[in-house]
Amino acid sequence: MKCPSGHDSTATDYCDICGAAMNADGAPTGVHPAAEGASGEAGSAGDPAASSSPSDTPAAAPEPESATRPCPNCGGPNSPDALFCEVCGYDHTTGTLPRGADSSAAAAPPVEAPANTSKDLATPWVAELWIDPAWYTAQGSSDPLPSQGPPAVFALRNTSLLIGRVSNSRGIHPDIDCGVDNGVSRRHAQLTTDGTRWWVEDLASSNGTYIGDSVGDLPTTSIPTGQKREVDADDRIYVGSWTRIVLRPSSDDEISALA
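In my numbering, the protein residues as written are 74 to 332.
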């Protein structure tokens, strides 16, 4: 039989060549529009769901806004107004990755820091926290350098102590708090001692932990992650964008003042 366009077709519904409907009014052969419409109307009358209008369907409730947002670099939770990631230091305002970070490597999910269960230190020691302009220049940080002044002094009362920055959301309260130095990770490094000698271990920080002596050049190579390195009497620990840490025995006046 021929289609409306004149092609020979063996199919009775649509043309084998041009696809046109074989009957002149556009409906397939054997199907009558009136019957189809009647069938549709009957279905609507017998099916309450089919007769209901879209406006009868209740609108879905909006999703509640999340209290946290994941870091694009490590996936750690951050408050919506955070400027920097509390886990890896990612800059949310500029999209800048922390120095030494590998954007292709996914970080492990953050876990709450364990409580310090180390023994009390028999001989009192202190840590001096200095703002070091030379270290700041070497790091090339875009953060403004704070005003210099006397060092912050922390009493070292345990044989194992955490260097880092406070994070209330993750329960991190380091023994040596590096404050507003955003180059320091929340859990940056661990200090341990036998009472007379000290060791420092980097805890997979974003920018590394460095050891240098008091008279030589600034260190340029960070200590390996997860390996303890001894801190000699004249050594200095460098972390973050401007922080220099000095360990020393405390004086009698400091013992009473820091008690």
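Beta carbons: idealized from backbone N, C-alpha and C, even for Gly. Source: prediction; values computed, not measured.
Pull up the distance between the alpha-carbon of residue i and that of residue j, whole angstroms please.
i	j	result
Pro322	Ala207	25 Å
Glu159	Ser240	7 Å
Ile318	Pro143	32 Å
Asn189	Phe227	For Asn189, the predicted model reports a pLDDT of 48, less than 50, meaning its position is unreliable; a value from the coordinates is still stated below. Cα-Cα distance, rounded: 16 Å.
Thr167	Ser214	14 Å
Pro297	Glu201	23 Å
Asp86	Gly79	15 Å
Gly268	Gln212	33 Å
Tyr209	Leu218	7 Å
Thr266	Thr232	5 Å
Trp198	Cys147	36 Å
Pro223	Leu320	15 Å
What is the DSSP secondary structure of residue i, reduced to helix, strand or coil?
i	result
Pro150	strand
Ala262	strand
Asp308	strand
Glu303	strand
Tyr283	strand
Gly116	Residue confidence for Gly116 is low, a pLDDT of 44 falling below 50, so the modelled location carries little weight; the figure read from the coordinates is stated next. Helix at Gly116.
Trp208	helix
Glu159	coil
Asp326	helix
Asp254	coil
Pro197	strand
Trp203	strand
Ala93	coil
Leu291	coil
Ala228	strand
Just mark residue i as buried or exposed, buried being the case when its beta carbon has 16 or more other beta carbons within 10 Å.
i	result
Leu229	buried
Arg270	exposed
Cys76	buried
Leu156	exposed
Gln263	buried
Asp175	With a pLDDT of 46 at Asp175, under the threshold of 50, the modelled position of that residue is not reliable, and the figure given next carries that caveat. That one is exposed.
Asp254	buried
According to the Cβ coordinates, are residue i and residue j closer than 8 Å?
i	j	result
Trp272	Arg243	no
Pro145	Tyr163	yes
Ile204	Trp315	yes
Val257	Gly285	no
Leu234	Arg260	no
Does residue i get closer than 8 Å to chain B when you measure Cβ to Cβ?
i	result
Tyr311	The structure shown contains no chain B; it holds only a single protein chain.
Decide yes or no for the touch test of the segment 244 to 254 against the segment 276 to 286: beta carbon pairs closer than 8 Å, at least 3 of them. By the criterion of at least three beta-carbon pairs nearer than 8 Å, the segment 244 to 254 is not in contact with the segment 276 to 286.
The segment 282 to 293 touching the segment 305 to 317, judged by at least three CB pairs closer than 8 Å: By the criterion of at least three beta-carbon pairs nearer than 8 Å, the segment 282 to 293 is in contact with the segment 305 to 317.
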